[in-house]
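Structure first, commentary second.
In the numbering used here, the protein residues as written are 35 to 228.
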């Protein structure tokens, strides 16, 4: 596949759900209205769609959401997609908020996932709770440890929030690097009325 600028399309991000177990203040309203399940592609349809893209030259596939690991039976999709690794697909990755990582890290590694991105904006438990509205920092940190034990390479994605976590930039960088992880800071994107 070639885009209008003559570039080969070899990387695809696939959102498997709009649902999330956090309500980050810059991303979702506290009382979200999600798509009806009947309007979502089934896991089988997602697998078929991704496989078609792989046949068309996609080499790297990233599963995203919402929070992809809250989708029921999501590991079925990872197991199915992993069959393409070495058969056109070079990399299967995930972006997650880390809340479900402790449960799924080893299984993700067993499916051939080598690296993941974890969204984490602060190491301060009270700020974390305020940003996510009901997230548990310890649960995310335990998930990151489980992912490391499973051999997954981790990149932290932190949204830079003026007046919220901007004084933590240095400590987040130091912590990430001390833990053997990369870190990327992301600008807040306008999401409409949230």
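Yeah, the Cβ is synthetic: ideal placement off N, Cα and C, and Gly gets one too.
Keep in mind that this is a model prediction, so the values were computed, not measured.
Determine the DSSP secondary structure at residue 50, reduced to helix, strand or coil.
Residue 50 sits at position 16 when you count from the first residue of the chain shown. Residue state, collapsed to three classes: coil.
Is it the case that the Cβ atoms of residue 111 and residue 81 are separated by a distance below 8 angstroms?
Residue mapping note: residue 111 aligns to position 77 of the chain shown, counting from 1. Residue mapping note: residue 81 aligns to position 47 of the chain shown, counting from 1. Against a cut-off of 8 angstroms, the Cβ pair of residue 81 and residue 111 comes out as a contact.
To the nearest angstrom, report how far apart residue 192 and residue 37 are at their CA atoms.
The count along the chain shown starts at 1 and reaches residue 192 at position 158. The count along the chain shown starts at 1 and reaches residue 37 at position 3. Distance between the alpha carbons of residue 192 and residue 37: 30 angstroms.
Do you know offhand how far residue 143's Cα is from residue 53's?
If you number the chain shown from 1, residue 143 lands on position 109. If you number the chain shown from 1, residue 53 lands on position 19. About 23 angstroms.
So, with DSSP's three-state summary, where would you put residue 214?
The residue given as residue 214 occupies position 180 in the chain shown. Residue 214: coil per DSSP, three-state reduction.
So if DSSP puts residue 173 in a beta bridge, which residue, or which two residues, is it bridged to?
As a first step, residue 173 is located in the chain shown; it is residue number 139 there, counting from the start. Residue 173 is not bridged to any residue.
Quick one: grab the DSSP three-state call for residue 163.
Along the chain shown, read from residue 1 onward, the residue named residue 163 stands at position 129. Helix.
Using the beta-carbon count (16 or more within 10 Å), is residue 47 buried or exposed?
In the chain shown, counting from the first residue as 1, residue 47 sits at position 13. With fewer than 16 Cβ atoms within 10 Å of its Cβ, residue 47 is classed as exposed.
Output the boundary residues of the beta strand (DSSP E) element that contains residue 188.
Your numbering for residue 188 matches position 154 in the chain shown. Counting along the chain, the beta strand (DSSP E) containing residue 188 begins and ends at 187-193.
Please state whether the Cβ-Cβ distance between residue 16 and residue 35 is less than 8 angstroms.
Because the chain is modelled from 35 through 228, residue 16 falls outside the range shown and cannot be assessed.
Distance check for residue 185 and residue 177, CA to CA, integer angstroms please.
What you label residue 177 is simply residue 143 of the chain shown in a count that begins at 1. What you label residue 185 is simply residue 151 of the chain shown in a count that begins at 1. Cα to Cα, residue 177 sits roughly 12 angstroms from residue 185.
Buried or exposed for residue 183, please, with buried defined as at least 16 other CB atoms from any protein chain shown within 10 angstroms of its CB.
Taking the chain shown and counting its residues from 1, one reaches residue 183 at position 149. Exposed is the call here.
Going by C-alpha distance, which of 190, 118 and 197 is nearest residue 214?
For the purposes of this step, residue 214 is taken as the residue at position 180 of the chain shown. Nearest C-alpha to residue 214: 190.
Where DSSP assigns a beta bridge to residue 151, which residues make up the other side?
Numbered from its first residue, the chain shown carries residue 151 at position 117. Answer is 129 and 189, bridged to residue 151.
Give me whichever residues DSSP pairs with residue 42 in a beta bridge.
Along the chain shown, one-based indexing puts residue 42 at 8. DSSP lists 36 as partners of residue 42.
Do you know how far the Cα of residue 70 is from the Cα of residue 140?
Position 106 of the chain shown, counted from the start, is the residue given in the question as residue 140. Position 36 of the chain shown, counted from the start, is the residue given in the question as residue 70. Residue 140 and residue 70: Cα-Cα distance of roughly 31 angstroms.
Within the continuous beta strand (DSSP E) that includes residue 80, where are the two ends?
For the purposes of this step, residue 80 is identified with residue 46 of the chain shown, where counting begins at 1. Where residue 80 is concerned, there is no enclosing beta strand (DSSP E), although the alpha helix (DSSP H) it sits in stretches over 77-89.
Comparing C-alpha positions only, which one of 150, 170, 72 and 152 sits nearest to residue 159?
Here residue 159 refers to the residue found at position 125 when the chain shown is read from its first residue. Of 150, 170, 72 and 152, the residue nearest in Cα terms is 170.
Please say whether residue 167 and residue 56 have beta carbons closer to each other than 8 angstroms?
Residue 56 sits at position 22 when you count from the first residue of the chain shown. Residue 167 sits at position 133 when you count from the first residue of the chain shown. Cβ distance < 8 angstroms, so residue 56 and residue 167 count as in contact.
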